[in-house]
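Asker:
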Amino acid sequence: MNFCQVASKQLKIVRAVILAFALVVIPQAVSAQDTAAANVQTQNVADASVPAEVAADGQNAEAAVGADAYKPLGPDMIVGQPTPGGMTFQEQYSPNGEYALWMHDAILLPIIVAISLLVLGLLMWVVVRYNRRSNKVASKTSHNTVIEVIWTLVPVLILVVIAVPSITLLSRQYESPPEDAFTVKVTGYQWYWGYSYPDNGDFEVISNMLDDDEAVARGLPEKLAVDNRMVVPVGEPIRIQTTGADVIHSFALPSLWFKLDAVPGRLNEKMLLIQKPGIYYGQCSELCGVRHGYMPIAIEALPRPQFEAWVLSQGGEIGGEDVSDEPEAADLQEPESSVEGAPGAGAPPVDAEEV
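Under mature numbering (1 follows the signal peptide of the UniProt record, and there is no 0), read the sequence shown as residues -32 to -1, 1 to 323, first letter to last.
#1: Hey, Pro277 and Arg197 are a contact pair by Cβ (cut 8 Å); roughly how many whole angstroms apart?
#2: Quick check on the burial criterion: 16 or more other C-beta atoms within 10 angstroms. Buried or exposed for Pro222?
#3: In terms of residues, what are the limits of the beta strand (DSSP E) holding Met92?
#4: With C-beta atoms as the reference, is Gly246 less than 8 Å away from Met55?
#5: Can you tell me whether Trp161 is buried or exposed? The criterion is at least 16 other CB atoms within 10 Å of its CB, across all chains shown.
#6: Considering just the uninterrupted stretch of the beta strand (DSSP E) at Leu138, what are its terminal residues?
#7: Counting pairs of beta carbons, one from the region 250 to 265 and one from the region 133 to 147, are three or more of them closer than 8 Å?
#8: For Asn64, which option in Ser139, Arg97 and Leu188 has the closest C-alpha, if you only look at C-alpha atoms?
#9: Would you list, in sequence order, the uninterrupted alpha helix (DSSP H) runs of no fewer than 4 residues that lie entirely inside the region 32 to 73?
#10: The beta strand (DSSP E) with Ser281 in it runs from where to where?
#11: What does the Cβ neighbour count give for Thr155, buried or exposed, with the cut at 16 atoms within 10 Å?
#12: Can you tell me which of Leu125, Trp159, Ile206 and Val231 puts its alpha carbon nearest to the alpha carbon of Gly257?
#13: Between which two residues does the beta strand (DSSP E) harbouring Glu237 extend?
#14: Counting C-beta neighbours from all protein chains within 10 Å, is the total for Glu182 16 or more, i.e. buried, or is it exposed?
#15: So, is residue 324 buried or exposed, given that buried needs 16 or more other C-beta atoms within 10 angstroms?
#16: Identify, in the order they occur along the chain, each residue of the same chain with its Cβ nearer than 7 Å to the Cβ of Glu254, setting aside the five sequence neighbours on each side.
#17: Check the DSSP bridge columns for Met177 and list the partner residues they point to.
#18: In this structure, how does DSSP classify Asp167 when only helix, strand and coil are distinguished?
#19: For Gln251, which residues of its own chain have a beta-carbon under 7 Å away from its beta-carbon, when the five flanking residues on both sides are left out?
#20: How far does the beta strand (DSSP E) with Thr151 in it extend, from its first residue to its last?
#21: Is the beta carbon of residue 366 less than 8 Å from the beta carbon of Ile208?
#22: On the DSSP bridge assignment, give the partners of Ser223 in chain order.
#23: Just list the residues that DSSP pairs Ser218 with in beta bridges.
#24: Rounding to the nearest angstrom, what Cα-Cα distance links Thr51 and Glu190 in this structure?
#25: Which stretch, first to last residue, makes up the beta strand (DSSP E) that contains Gly187?
#26: Please determine, among Leu90, Tyr157 and Val105, the residue with the shortest C-alpha to C-alpha distance to Gly212.
#27: From which residue to which residue does the beta strand (DSSP E) around Gln251 run?
#28: Spatial neighbours of Gln11 within its chain, please: C-beta separation below 6 Å, excluding the five flanking residues on both sides.
#29: Can you tell which of Tyr163, Phe57 and Thr120 has the C-alpha that lies nearest to the C-alpha of Met71?
#30: I'd like to know whether the C-beta atoms of Ile206 and Leu240 end up nearer to each other than 8 Å.
#31: How far does the beta strand (DSSP E) with Gly212 in it reach, from first residue to last?
#32: So does the region 129 to 137 actually touch the region 71 to 80, counting three or more Cβ pairs closer than 8 Å?
#33: Exposed or buried, what is Pro295 when buried is set at 16 or more other beta-carbons lying within 10 Å of its beta-carbon?
#34: Consult DSSP for Gly261 and reduce its assignment to one of helix, strand or coil.
#35: With DSSP run on the structure shown, which of helix, strand or coil describes Glu147?
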């Protein structure tokens, strides 16, 4: 049997192995993960019976009856944020984040370490055993069928092992939110964020970064704290829709394994599920201009009763009914301009007659 015949036989074996994994292992893994995610979602859906100890500190666990039932979370409820000297991913608080962190720690990292140590060991062995001083006459070996079969099959098997959880995670990240999922529309401006709530009266909340002195006075992290957070219900599927008002931005929260670009003229959509009440921080992750580094993201996740109280405090609607006597539309927002004297972030547009 010549070398070409051996190589052809190896390729047939490789194709058979990949086909077997694609048809059997991957569909089963995806199905198992989907079932686990559904169970997590079911167990974490918040309702009016959530006890006070589960709710955020300072919250009223009873059903929201008015604006006075909502109190913002304090610094003791910060859950997701960068840590000094951090060496790996932030701790995860979403089903996809937990799965991705497990994949990194249990599969990718051990494989990477093992391959690196193996290659280092082989290099050291070759340097010591086959240097010019130890081998006056160099070997003229050109082929070794056993070694060639091994170094063809082993990498293929490693890639297949990595492919199963990778494809599973990829499919989960692109899972469409259910039809009745709670919706938040995120708009990126230069250089701040706007959060609209179409399910609750379509009001908009404008979020700007706090000055460092004010953030420290409130006990909040500098360069991450904002004046108005994006408030969402905890334990429920959330439909996040992103768009840009001027240039491309990116809505990213590392502790929730969530990142979605905000592109002008386009509406991107992705599902998010937060498993624990608290405050989660992120930042714009797309270079969007001179103040790109000053677009922090702050999400406040609350049990459903406290979230409804927050909606009432914003003059919004619960269950499709207007809860305010005279609901006011949110102020129109104009992106901050680089022209000196232009309206700043959060300022209403100026009528042409007044200019």
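Even glycine gets a Cβ: it sits at the ideal position worked out from N, Cα and C.
Answerer: In brief:
#1: Here residue 277 refers to the residue found at position 309 when the sequence shown is read from its first residue. Here residue 197 refers to the residue found at position 229 when the sequence shown is read from its first residue. Residue 277 is actually Ala in this sequence, not Pro. About 14 Å; that fails the 8 Å criterion.
#2: Residue mapping note: residue 222 aligns to position 254 of the sequence shown, counting from 1. Classification of Pro222: buried, given that the 10 Å Cβ count is 16 or more.
#3: Looking up residue 92 in the sequence shown gives position 124. No beta strand (DSSP E) holds Met92; the alpha helix (DSSP H) holding it covers Leu77 to Arg97.
#4: Here the question's residue 246 lines up with position 278 in the sequence shown. Here the question's residue 55 lines up with position 87 in the sequence shown. No, these two residues do not count as a Cβ contact at 8 Å.
#5: Working through the sequence shown from its first residue, we reach residue 161 at position 193. Under this definition Trp161 is a buried residue.
#6: Taking the first residue of the sequence shown as position 1, residue 138 is located at position 170. Element bounds for Leu138: not the beta strand (DSSP E) but the alpha helix (DSSP H), Thr113 to Gln141.
#7: no
#8: The residue you call residue 64 lines up with position 96 of the sequence shown. Nearest of Ser139, Arg97 and Leu188 to Asn64, Cα basis: Ser139.
#9: 63 to 71
#10: Position 313 of the sequence shown, counted from the start, is the residue given in the question as residue 281. Taken as a continuous stretch (DSSP letters only), Ser281 belongs to no beta strand (DSSP E), being part of the alpha helix (DSSP H) at Arg272 to Ser281.
#11: Counting from one through the sequence shown, the residue named residue 155 turns up at place 187. Under this definition Thr155 is a buried residue.
#12: Translated into the one-based positions of the sequence shown, residue 257 becomes position 289. The shortest C-alpha separation from Gly257 is found at Trp159.
#13: Along the sequence shown, one-based indexing puts residue 237 at 269. Per DSSP, Glu237 belongs to the beta strand (DSSP E) from Asn236 to Leu240.
#14: Numbered from 1 along the sequence shown, position 214 holds the residue referred to as residue 182. Exposed, because fewer than 16 other Cβ atoms sit within 10 Å of the Cβ of Glu182.
#15: Outside the displayed range of the chain (-32 to 323) lies residue 324, so it cannot be described from this structure.
#16: Within the sequence shown, residue 254 is the residue found at index 286, counting from 1. Same-chain partners within the cutoff: Ile216, His217, Ser218 and Asp229.
#17: Looking up residue 177 in the sequence shown gives position 209. In DSSP, Met177 forms a bridge with Val194.
#18: Translated into the one-based positions of the sequence shown, residue 167 becomes position 199. Reduced to three states, the DSSP call for Asp167 is helix.
#19: Reading the sequence shown from its first residue, position 283 is the one you call residue 251. The residues are Ala220, Met263, Pro264 and Ile265.
#20: Here residue 151 is taken as the residue at index 183 of the sequence shown, counted from 1. Per DSSP, Thr151 belongs to the beta strand (DSSP E) from Phe150 to Tyr157.
#21: Outside the displayed span of the chain (-32 to 323) sits residue 366, for which this structure offers no information.
#22: As a working mapping, residue 223 is identified with position 255 in the sequence shown. None; Ser223 has no bridge partner.
#23: Working through the sequence shown from its first residue, we reach residue 218 at position 250. Bridge partners of Ser218: Asp229.
#24: Against the sequence shown, residue 51 aligns to sequence position 83. Against the sequence shown, residue 190 aligns to sequence position 222. For Thr51 and Glu190, the distance between alpha carbons rounds to 13 Å.
#25: Residue mapping note: residue 187 aligns to position 219 of the sequence shown, counting from 1. No beta strand (DSSP E) contains Gly187, which DSSP labels as neither H nor E.
#26: Residue numbering aside, residue 212 sits at position 244 when the sequence shown is read from its first letter. If we check each option's Cα against that of Gly212, Tyr157 comes out closest.
#27: As a position in the sequence shown, residue 251 is number 283, starting the count at 1. Where Gln251 is concerned, the enclosing beta strand (DSSP E) stretches over Gly246 to Cys252.
#28: Mapped onto the sequence shown, residue 11 falls at position 43. The pLDDT assigned to Gln11 is 34, lower than 50, so where the model puts this residue is not dependable, and the model offers no usable value.
#29: Translated into the one-based positions of the sequence shown, residue 71 becomes position 103. Selected option, being the one with the closest Cα: Phe57.
#30: Here residue 206 corresponds to residue number 238 of the sequence shown, with the count starting at 1. Here residue 240 corresponds to residue number 272 of the sequence shown, with the count starting at 1. Yes, they are a contact pair.
#31: Position 244 of the sequence shown holds residue 212. Taken as a continuous stretch (DSSP letters only), the beta strand (DSSP E) holding Gly212 covers Ile206 to Gly212.
#32: yes
#33: In the sequence shown, counting from the first residue as 1, residue 295 sits at position 327. Any reading at Pro295 must be qualified, since the residue scores a pLDDT of 44, below 50, and its modelled position is unreliable; the value itself is stated next. That one is exposed.
#34: If you number the sequence shown from 1, residue 261 lands on position 293. Helix, per DSSP.
#35: Looking up residue 147 in the sequence shown gives position 179. Coil at Glu147, not helix or strand.
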